[in-house]
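J.: Submitted below is the structure of interest, expressed as structure tokens.
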Amino acid sequence: MKKIVMTGGGTAGHVTPNIALLPGLREAGYEISYIGSYTGMEKQLIEDQGVTYYGIASGKLRRYLDLKNLTDPARVVKGFFQAKKLLKRIRPNVVFSKGGFVSVPVVLAAKSLHIPAIIHESDITPGLANKIAIPAAYRVCCNFPETLKYLPEGKAILTGSPIRKELLTGNKQNAFTLCGFHSDKPVILIIGGSSGAKVINENIRAILPELLKSYQVIHLCGKGLLDESLKDLEGYAQFEYANKELRDLFAAADLVISRAGANSICELLTLHKPNILIPLSAAASRGDQILNARSFEKQGFSYVIEEEQMNADTLNTAIETVMNNRDSYIDAMKKSTQLDSIDTVLGLIDSATKLKKKKK
Numbered sequence: 003m004k005k006i007v008m009t010g011g012g013t014a015g016h017v018t019p020n021i022a023l024l025p026g027l028r029e030a031g032y033e034i035s036y037i038g039s040y041t042g043m044e045k046q047l048i049e050d051q052g053v054t055y056y057g058i059a060s061g062k063l064r065r066y067l068d069l070k071n072l073t074d075p076a077r078v079v080k081g082f083f084q085a086k087k088l089l090k091r092i093r094p095n096v097v098f099s100k101g102g103f104v105s106v107p108v109v110l111a112a113k114s115l116h117i118p119a120i121i122h123e124s125d126i127t128p129g130l131a132n133k134i135a136i137p138a139a140y141r142v143c144c145n146f147p148e149t150l151k152y153l154p155e156g157k158a159i160l161t162g163s164p165i166r167k168e169l170l171t172g173n174k175q176n177a178f179t180l181c182g183f184h185s186d187k188p189v190i191l192i193i194g195g196s197s198g199a200k201v202i203n204e205n206i207r208a209i210l211p212e213l214l215k216s217y218q219v220i221h222l223c224g225k226g227l228l229d230e231s232l233k234d235l236e237g238y239a240q241f242e243y244a245n246k247e248l249r250d251l252f253a254a255a256d257l258v259i260s261r262a263g264a265n266s267i268c269e270l271l272t273l274h275k276p277n278i279l280i281p282l283s284a285a286a287s288r289g290d291q292i293l294n295a296r297s298f299e300k301q302g303f304s305y306v307i308e309e310e311q312m313n314a315d316t317l318n319t320a321i322e323t324v325m326n327n328r329d330s331y332i333d334a335m336k337k338s339t340q341l342d343s344i345d346t347v348l349g350l351i352d353s354a355t356k357l358k359k360k361k362k
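Each residue of the sequence shown is one higher than the one before, starting from 3 at the first, in this note's numbering.
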């Protein structure tokens, strides 16, 4: 029996590529286990897939001053020993990590037990968690050609991001029924990320009266960020988060307004959805979403508004520009040389499995 342990968590972007790999892994005969945090969002997402889930202690490694910096390193150390104990019990052939701080102790524990670990880095520049884990990795996958220069030669492989194939099977009519929409107006889908984006929500709601004259709006606004005063507004449907119904919402969308997390924008590219990207500001992040967005803008896939420049005027201008030029955005995405990520990553996993067997 071939065995794999997957890890990654903290945001949906650290989980959904793992989920995209599950059908191929099962078809290849792998017994799959998952190591994540005790209560992170990855727990429910993975258990919903019927995969055995194990929780370990995890701590965030911050670049800024915070009292938790005094206690979280101890959680990482505890997580390392918990992960090592689990890996000894499961005895996987390979570990696959999608990143996030919970993945660090798992990859380091795999290295200590001579289990090959494959890491996937979504963004153009590696995040802190992956920077720590990369020296312990067997191979490092990445989304962007620009990323290769930041990774060790001999380990780095351009794979693209594994995208859930079910996203390609959406039904527009299902979304119209869910949202109470009609086919007489185009649809804008707003996605603020798995935890929502307050600044995007506020700006979208500020222009809703004008927007709804020409469009219908589906708004994924994040947990606890619904606006009850707008729940009966015709042509406007708001949800905290979308799971299985997301494929139908994508099918209905003529335009998508989104954050610029790497996995999210790769999904938009795969679906050929004209889009406006509003990357998380450099003041609130390490700037990775800005780099992601600018790469897509340069390739003609996206229109970008930086968060600091977002207001009613810039949003309306962006929507008008993209809707007037939808065909050019779609053509650019169709001409993309996007890789067959799932098969590429599965091939690397199979190679690592064979390597582990040879060493036994």
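C-beta: ideal position from N, C-alpha, C; glycine also.
Should the stretch 143-150 be regarded as contacting the stretch 208-215, the criterion being three or more beta carbon pairs within less than 8 Å?
T.: Cβ pair count under 8 Å is below three, so no.
J.: Is the CB of S99 under 7 Å away from at least one CB in chain D?
T.: Of the protein chains in the structure, only one exists, and it is not chain D.
J.: How is the beta strand (DSSP E) around Q218 delimited, first residue to last?
T.: Note, Q218: beta strand (DSSP E), Q218 to L222.
J.: Express the C-alpha separation of G15 and I332 in angstroms, rounding to a whole number.
T.: Whole-angstrom Cα-Cα distance: 24 Å.
J.: Within 10 angstroms of its Cβ, does V106 collect 16 or more other Cβ (buried), or is it exposed?
T.: Per the 10 Å Cβ criterion, buried.
J.: Let's test the definition: count the other Cβ atoms within 10 Å of the Cβ of D250 and tell me whether it reaches 16, buried, or not, exposed.
T.: Result: buried.
J.: Tell me the rounded alpha-carbon separation between S231 and E204.
T.: Using only the alpha carbons, I get a separation of about 13 Å.
J.: Alpha carbon to alpha carbon, how far is G42 from F303?
T.: Their backbone Cα atoms lie some 32 Å apart in a straight line.
J.: Measure how close the beta-carbons of I159 and L348 come, nearest whole angstrom, since I'm counting them as under 8 Å.
T.: Not a contact, Cβ separation roughly 13 Å.
J.: CB-CB under 7 Å to R166, same chain, minus the five flanking residues each way: which ones, in chain order?
T.: Excluding residues within five positions, the ones whose Cβ falls inside 7 Å are T18, I21 and A22.
J.: Does the stretch 87-103 touch the stretch 116-126, meaning 3 or more C-beta pairs lie closer than 8 Å?
T.: At 8 Å Cβ cutoff, the stretches touch.
J.: Verify whether the separation of the beta carbon atoms of N277 and V306 is less than 7 Å.
T.: Cβ atoms of N277 and V306: not closer than 7 Å.
J.: Beta-carbon separation of I267 and E309 under 7 Å?
T.: No, they are not a contact pair.
J.: Could you give the first and the last residue of the continuous alpha helix (DSSP H) run that contains K200?
T.: Its alpha helix (DSSP H) spans residues K200 to A208.
J.: Taking the C-alpha atoms as reference points, what is the distance between L153 and V201?
T.: Each residue's Cα considered, the two are about 34 Å apart.
J.: I'd like to know whether the C-beta atoms of A135 and V109 end up nearer to each other than 7 Å.
T.: The answer is yes: Cβ separation under 7 Å.
J.: Going residue by residue through the stretch 320-357, where are the continuous alpha helix (DSSP H) segments of at least 4 residues, counting only ones entirely within it?
T.: As far as the stretch 320-357 is concerned, its whole alpha helix (DSSP H) runs of at least 4 residues are 328-336.
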